[in-house]
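One structure is given below, encoded as structure tokens.
Residue numbers (my numbering): 144 to 259.
This is how it looks when you write it as structure tokens:
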């Protein structure tokens with residue numbers, strides 16, 4: 144299953160993982176696109192509150208650019224660098240062309256929606 148990740152005017156496609164957190168996120172996206180205000184953190188990721196909690200199944204993992212994960216059950220983290228921590232994987236951007244440029248260096252608004 145795929146979702147669209149819109150950052151400003153740029154839209155990226157991501158492949159969703161298979162887990163209960165993704166099932167809950169898909170349910171949310173079926174109701175309406177999910178918009179999250181995200182702040183830069185540590186120069187390798189953007190973090191934003193989802194406004195609700197999803198079922199977490201955290202595992203120690205090393206992330207790469209394009210990974211989208213759940214942190215503490217209620218925060219979405221999107222990576223343009225790498226980090227090692229305990230996360231629930233949600234999705235991976237399919238094509239990273241323009242990804243870092245779209246995310247920029249400050250706060251961004253990201254909209255998640257189901258791909259057709």
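No residue lacks a Cβ here, since even glycine has one placed at the ideal position from N, Cα and C.
Could you give the first and the last residue of the continuous alpha helix (DSSP H) run that contains residue i?
| i | result |
| --- | --- |
| residue 173 | 163-174 |
| residue 246 | 242-246 |
Would you mind working out which of the options sits nearest residue i, comparing C-alpha positions?
| i | options | result |
| --- | --- | --- |
| residue 198 | 183, 215 and 222 | 215 |
| residue 192 | 209, 179, 202 and 184 | 179 |
| residue 233 | 251, 250, 242 and 255 | 255 |
Leaving out five residues before and five after residue i in sequence, what residues of the same chain have Cβ atoms less than 8 angstroms from its Cβ?
| i | result |
| --- | --- |
| residue 318 | Outside the modelled stretch of the chain, which goes from 144 to 259, sits residue 318, for which no answer is possible. |
| residue 217 | 192, 193, 194, 195, 196 and 197 |
| residue 158 | 144, 145, 234, 235 and 237 |
| residue 257 | 144, 145, 146, 147, 169, 172 and 173 |
What does the Cβ neighbour count give for residue i, buried or exposed, with the cut at 16 atoms within 10 Å?
| i | result |
| --- | --- |
| residue 223 | buried |
| residue 243 | exposed |
Have a look at the DSSP bridge pairing and note the partners of residue i.
| i | result |
| --- | --- |
| residue 188 | 184 and 222 |
| residue 210 | 235 |
What residue range does the beta strand (DSSP E) around residue i cover?
| i | result |
| --- | --- |
| residue 153 | 153-159 |
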